[in-house]
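Take the sequence shown: its letter number 17 is residue 4 in the working numbering, and every next letter is one higher.
All C-beta atoms, glycine included, are put in the ideal place defined by N, C-alpha and C.
Everything numeric in this text was worked out from a predicted model, so none of it was measured.
Since the structure comes first, as structure tokens, the remarks are kept for the end.
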Amino acid sequence: MSDYIAEKHFYLCKAFPKYKSEMIDLMRAFDSFYQKPVQNMMDLHDYIIEFAVFSNEPIDINARALLKKRVQDLIDQGRLLSPGVLERKYNLKNVEFLLQEYGSTLRLDTALGTKTYLTRDKEADFLCWLHNVADHVKSLDFYTRGLLQHSQSRRFCTAIRNMTATPVVKKPKERKITEKSDVWAIPDDQMHIVATKLALRKRRIKDPNELLNDLVVATVRKNMAKQQ
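Listed below in structure tokens is the structure:
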């Protein structure tokens, strides 16, 4: 079925039932923006998701089971970011509120309430919007900022107070290297250092890399023996 024209209209009406009477006009307007081909059911699901983000309208996720599966696939692939992911990544609070204020998000109406996600391609724009909000709040004088504590803007202040400009990267734990450590557990940047220290204790070995090679061979043999 070329371009899935009939299916696009049918499933848009199911996903956004309150716009059923005007869906033809809304679909035509969105098609002028959405330039990707719709040639199979996965493309159709992506089309519906993009329509929801573009129009800032929630999808009735129970309208189609396969659509729910596609949403989960996009979450697993990191192409849809949940509030929890954004909170941890940028040290934010109350991201659900921020996403609602931002607007260009995917909202899903489920039996448990509305779930909100940010599409990966909107991440940079969302951060830019957040920084503009933060700069505006910082530019206010002390008196005006005090008044904000009694309005909705207080939630902005709390949410972005410790926001980072770049993703929060947890420092990996340093592993203690011993002579008994499995060679595969030793990071590459420490391999030569370890081999050199061990070589100094075995004066017959002039080249540390020779000892390193012996360690690798010994480890392979040990692992093969365990498997037999």
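So, with DSSP's three-state summary, where would you put residue i?
{"i": "Lys1", "result": "helix"}
{"i": "Tyr21", "result": "coil"}
{"i": "Gly71", "result": "helix"}
{"i": "Asn78", "result": "coil"}
{"i": "Arg148", "result": "coil"}
{"i": "Ile164", "result": "Bear in mind that a pLDDT of 48 at Ile164, under 50, signals an unreliable position, so the model cannot answer this."}
Quick one, which of the options has its alpha-carbon nearest residue i's?
{"i": "Asn43", "options": "Lys1, Ala146, Tyr89, Tyr77", "result": "Tyr89"}
{"i": "Asp47", "options": "Pro4, Asn149, His(-4), Glu(-6)", "result": "Pro4"}
{"i": "Arg66", "options": "Tyr77, Ile36, Asn81, Leu85", "result": "Ile36"}
{"i": "Thr145", "options": "Leu85, Leu53, Ala(-7), Phe(-3)", "result": "Leu85"}
{"i": "Phe20", "options": "Tyr34, Met28, Asp30", "result": "Tyr34"}
{"i": "Phe38", "options": "Glu74, Gln64, His(-4)", "result": "His(-4)"}
{"i": "Phe41", "options": "Leu105, Met28, Ala121", "result": "Leu105"}
{"i": "Phe17", "options": "Ala111, Gln26, Ala121, Leu(-1)", "result": "Leu(-1)"}
{"i": "Lys56", "options": "Tyr77, Ser91, His32, Pro70", "result": "His32"}
{"i": "Ser91", "options": "Thr101, Phe143, Asp108", "result": "Asp108"}
{"i": "Ala111", "options": "Leu68, Thr97, Asp122", "result": "Leu68"}
{"i": "Pro45", "options": "Thr151, Pro70, Tyr77, Thr101", "result": "Thr101"}
{"i": "Lys76", "options": "Leu114, Gln22, Lys23", "result": "Leu114"}
{"i": "Val58", "options": "Ile(-8), Thr97, Asp122", "result": "Thr97"}
{"i": "Ser2", "options": "Asn119, Gly71, Leu95", "result": "Here residue 2 turns out to be Ala, not Ser, going by the sequence shown. Of the listed residues, the one whose Cα sits closest to Ala2 is Leu95."}
{"i": "Gln87", "options": "Leu99, Leu61, Trp116, Gln64", "result": "Trp116"}
{"i": "Leu93", "options": "Ala52, Lys7, Leu61, Met29", "result": "Leu61"}
{"i": "Thr103", "options": "Asp122, Val72, Ala121", "result": "Val72"}
Using DSSP bridges, identify the partner residues of residue i.
{"i": "Asp96", "result": "Asp47, Thr101"}
{"i": "Thr106", "result": "Leu67"}
Just to confirm the assignment, what range does the alpha helix (DSSP H) spanning residue i have?
{"i": "Gln87", "result": "82 to 89"}
{"i": "Ser42", "result": "28 to 42"}
Inter-stretch contact at 8 Å, needing at least 3 Cβ pairs: the segment 75 to 84 / the segment 7 to 15
no
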